[in-house]
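Asker: Here the sequence shown is numbered in our numbering, starting from 2 and rising by one per residue.
Think of the CB as a built atom: it goes at the ideal place given N, C-alpha and C, for glycine as much as any other residue.
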Amino acid sequence: MNIAIKNTSTDCDVILIGAGVMSATLGVMLKELNPDIRINIYERLDRIAGESTDAWNNAGTGHSALCELNYTPLEEDGTVNISKAVKIIESFEISKQFWAYLVGHGYFGSPKDFINQIPHLSFVEGQEDVNYLKKRFETLQQCHLFEGMEFSNDFEKIKSWIPLMLDGRNTERPIAATRTSHGTDLNFGTLTRSLCKHLKDKYEVDVFLNYEVETLEQQDDKTWKLRVEDKLTGEEKHVTSQFVFIGAGGGSLRLLEKSDIPEADGYGGFPVSGQWLVCKNEEIIAQHGAKVYGKAKVGTPPMSVPHLDSRMINGKKELLFGPFAGFSTKFLKEGSYLDLPASISFDNVLPMLNVGIHNLALTKYLIQQVLLSMEEKVDVLREFIPTAKDEDWELAVAGQRVQVIRKDEKEGGVLEFGTEVVTSKDGTIAALLGASPGASTSVVVMLEVMEECFPELMQSKEWKEKLGEMFPSYGKSLKDDKELTKRVRDFTFGVLGA
Ligand SMILES: Cc1cc2nc3c(=O)[nH]c(=O)nc-3n(C[C@H](O)[C@H](O)[C@H](O)COP(=O)(O)OP(=O)(O)OC[C@H]3O[C@@H](n4cnc5c(N)ncnc54)[C@H](O)[C@@H]3O)c2cc1C
Numbered sequence: 002m003n004i005a006i007k008n009t010s011t012d013c014d015v016i017l018i019g020a021g022v023m024s025a026t027l028g029v030m031l032k033e034l035n036p037d038i039r040i041n042i043y044e045r046l047d048r049i050a051g052e053s054t055d056a057w058n059n060a061g062t063g064h065s066a067l068c069e070l071n072y073t074p075l076e077e078d079g080t081v082n083i084s085k086a087v088k089i090i091e092s093f094e095i096s097k098q099f100w101a102y103l104v105g106h107g108y109f110g111s112p113k114d115f116i117n118q119i120p121h122l123s124f125v126e127g128q129e130d131v132n133y134l135k136k137r138f139e140t141l142q143q144c145h146l147f148e149g150m151e152f153s154n155d156f157e158k159i160k161s162w163i164p165l166m167l168d169g170r171n172t173e174r175p176i177a178a179t180r181t182s183h184g185t186d187l188n189f190g191t192l193t194r195s196l197c198k199h200l201k202d203k204y205e206v207d208v209f210l211n212y213e214v215e216t217l218e219q220q221d222d223k224t225w226k227l228r229v230e231d232k233l234t235g236e237e238k239h240v241t242s243q244f245v246f247i248g249a250g251g252g253s254l255r256l257l258e259k260s261d262i263p264e265a266d267g268y269g270g271f272p273v274s275g276q277w278l279v280c281k282n283e284e285i286i287a288q289h290g291a292k293v294y295g296k297a298k299v300g301t302p303p304m305s306v307p308h309l310d311s312r313m314i315n316g317k318k319e320l321l322f323g324p325f326a327g328f329s330t331k332f333l334k335e336g337s338y339l340d341l342p343a344s345i346s347f348d349n350v351l352p353m354l355n356v357g358i359h360n361l362a363l364t365k366y367l368i369q370q371v372l373l374s375m376e377e378k379v380d381v382l383r384e385f386i387p388t389a390k391d392e393d394w395e396l397a398v399a400g401q402r403v404q405v406i407r408k409d410e411k412e413g414g415v416l417e418f419g420t421e422v423v424t425s426k427d428g429t430i431a432a433l434l435g436a437s438p439g440a441s442t443s444v445v446v447m448l449e450v451m452e453e454c455f456p457e458l459m460q461s462k463e464w465k466e467k468l469g470e471m472f473p474s475y476g477k478s479l480k481d482d483k484e485l486t487k488r489v490r491d492f493t494f495g496v497l498g499a
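Shown next as C-alpha cells:
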C-alpha cells in the first residue's frame with residue numbers, strides 16, 4: 002500500500018499497537034522517512050516497554066551469534082552450519098547503524114545508557130562438545146564478520162577470561178571456550194523509552210498509555226477501525242487508520258485473529274515463561290564481566306540455552322543466570338490466564354493439537370523445569386559457577402514468550418522458535434509473532450515490514466536516499482564485502498562505543 006499522507010478520512014495514517022521495541026522502532030523509522038505521517042501509539046500498560054522489552058524481562062544480549070550455539074547446528078554430515086549465524090550478525094550490524102544514526106544526530110542521550118561493549122563467550126565441557134566448539138570456531142573464521150573470535154581449550158587461558166567460572170572446577174574434564182571482546186549488552190527498555198521520547202520531542206507523537214486495543218475491523222475502503230478501551234476510566238473510543246502494526250508482543254496473536262485476515266489462519270501460540278537467578282552479592286557480581294552461553298542439553302528447545310550474563314541495568318552492574326523455563330497460560334507477563342484457551346479457534350486447533358502430539362519432549366522439559374526447587378536451580382548454576390552459594394542468589398520472573406505455531410502441510414502444525422511477520426495481501430496491516438532473536442533484530446524486522454507493506458515508497462527516490470543515510474550498508478551485503486564491514490563497524494563503534 003501507499004500511505005496517503007494527511008488523508009483526512011482517517012484519524013491517523015499509522016496505528017502502532019503496543020509500546021515495545023518493535024513499535025517504537027517502526028514509528029521512528031517511518032517518521033525519519035516522512036515526518037508528515039500521522040502516527041498514534043496505544044499501550045495497555047501505564048508505562049513504555051513494560052513487557053518483554055523491559056531490561057529485567059530479557060537477557061539484553063546483542064544477538065550477533067558470537068556466543069549462541071543454537072544458531073550454529075552440527076549437521077548430520079559432521080559440518081557446522083553457520084548460515085543462520087551469518088544472517089543474525091548481519092542483522093545486528095544493521096541495528097547498530099540505525100542506533101548510531103540516531104545518537105549521531107543528537108536524538109538520544111549517552112549511548113552507554115542502552116548499549117555497552119562486553120565479551121561474548123561460548124563455554125562447553127566434555128570431549129564431544131569441545132570438538133564441536135573447535136569446529137564451529139574454525140567454520141566461523143571463514144567469514145570476516147566473525148573476525149576477532151579466539152578459541153582455547155587451555156584451562157589457565159580460559160581462567161584468565163572467566164575466573165569465576167573456573168574457580169573450583171574439575172581440572173580433569175576437557176573444556177573449551179571461544180571469546181569475542183566486541184560483544185554487546187543492551188538495555189532494550191531504555192532504548193525504547195529513548196525512541197518514544199524522540200517521537201514525542203521531535204515529532205510530537207504521543208504514546209497513549211493505559212489504552213488497550215480491543216478489536217480491529219477492516220472497513221470497505223480498506224482502512225481500519227479499532228475499538229480502544231481507556232483502562233483507567235473504562236471508556237471506549239473508536240479510531241481509524243490507513244495502516245496498523247500489531248506490535249503487541251504476546252498480545253499480537255489474539256489481535257491478529259481478531260483482524261480476520263486470511264493470512265492469520267492456522268497460527269497459534271504456545272506460551273513459555275521464564276525465570277532468572279539474580280546475584281545479590283556485590284563481590285561475586287564484580288568478579289564476572291562477560292556473557293557466557295553454554296550448550297542446551299540434547300533434546301531441549303533453543304530457549305533453554307543456559308547463560309551467565311553480566312548486565313548494565315540502569316547504571317548498575319548486575320549478574321543473571323538462566324533462563325529457567327516455566328509454564329503459564331498467560332501470553333503477556335501482565336496478561337490473563339485465559340489467554341491460551343481464548344486463542345484456540347476452529348482455524349488453529351488442528352495445528353495446535355499436532356504440535357502437542359509431536360513435541361512431547363518439550364512438554365517433558367517444561368514439566369521438569371517447573372518442578373525444579375530453588376536448591377536444584379542453584380545446582381544447575383553450579384555447572385557454570387562451581388562455588389556458587391544458595392544465599393547469594395534470588396529468583397526473578399523474566400518475560401513471557403509466545404512461540405509461534407504454524408499450519409504445516411506435512412506435520413499438521415509446527416512449533417517455531419523464531420519471529421514471524423504476518424502481513425495482509427493489501428499491505429494495510431502487519432503483525433509480529435514470536436520472540437527470538439528478538440529485540441536485537443528489531444530494525445531488520447521492521448525494515449521487512451516496510452518492504453512488505455510499502456513496497457512503492459521503499460523504492461521511491463526520497464526514501465531510498467534517506468535509507469542510505471540511515472544505513473550506510475543499505476542494499477549491500479556485509480558478508481560479501483569485508484571493506485564495507487570495516488567501514489560500517491568503525492562508524493558504529495565510533496558513535497556507540499560498542
Ligand atoms: C526471557 C527472555 C529473554 C530474552 N532475551 C533476549 C536477548 O537477550 N536479546 C534480544 O535481542 N531479545 C531477547 N528477548 C526477546 C525480546 O525481549 C523481544 O523479542 C522483544 O522485546 C519484543 O518486543 P515487542 O515490542 O515485540 O514486544 P513487547 O516488548 O512485549 O511489547 C509489546 C507491548 O504491547 C502491549 N500490548 C499488548 N497487547 C496490547 C493491546 N491489546 N493494546 C495495547 N497494547 C498492548 C504490551 O503491554 C507491551 O508493552 C528475550 C525475551 C525473553 C522473554
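(1) Note down the Cα distance separating I286 from P438, rounded to an integer number of angstroms.
(2) Within 10 angstroms of the Cβ of I18, are there 16 or more other Cβ atoms? Answer buried if so, exposed if not.
(3) With distance defined between alpha-carbon atoms, name the residue in S274, K317, K281, Y294 nearest to L333.
(4) Quick one, are the C-beta atoms of K426 and V206 less than 8 Å apart?
(5) Could you tell me whether the region 267 to 281 touches the region 386 to 403, where touching means 3 or more Cβ pairs closer than 8 Å?
(6) Return the bridge partner residues of L278 from the DSSP annotation.
(7) Is any heavy atom of ligand 1 found at a distance shorter than 7 Å from the C-beta of E213?
(8) Residue range of the alpha helix (DSSP H) that Y268 falls in?
(9) Going straight from the alpha carbon of T11 to that of I38, what length do you get?
(10) Label S253 either buried or exposed according to how many other C-beta atoms from any shown protein chain fall within 10 Å of its C-beta, with 16 as the threshold for buried.
(11) Just reading off the beta strand (DSSP E) that E237 is part of, what are its end residues?
(12) Just list the residues that DSSP pairs Q404 with in beta bridges.
(13) Does DSSP put N71 in a helix, a strand or coil?
(14) Checking 8 Å against the spacing of the C-beta atoms, do G327 and V371 come in under that value?
(15) Just verifying my parser: in three-state terms, what is the DSSP assignment at A432?
(16) On the DSSP bridge list, what partners appear for W225?
(17) Determine the closest residue to G336 out of T26, I42, G51, Y475, with distance taken between C-alpha atoms.
(18) Leaving out five residues on either side along the sequence, give the residues of the same chain with a beta carbon under 8 Å from the beta carbon of E213.
(19) Report the rounded CA-to-CA distance for H199 versus A66, giving the unit in angstroms.
(20) If I measure Cβ to Cβ from I159 and keep anything under 7 Å in the same chain, skipping five residues before and after, which residues do I get?
(21) Could you check the C-alpha separation between R402 and E384 for me, to the nearest Å?
Answerer: Result, derived from the coordinates:
(1) 26 Å
(2) buried
(3) S274
(4) no
(5) yes
(6) F322, L396
(7) yes
(8) Neither: Y268 is in no alpha helix (DSSP H) and is coded neither H nor E.
(9) 12 Å
(10) buried
(11) 237 to 247
(12) F271
(13) helix
(14) yes
(15) strand
(16) Q219, S242
(17) G51
(18) Y43, R45, V229, E230, K232
(19) 30 Å
(20) S153, L167, I176, A178
(21) 25 Å
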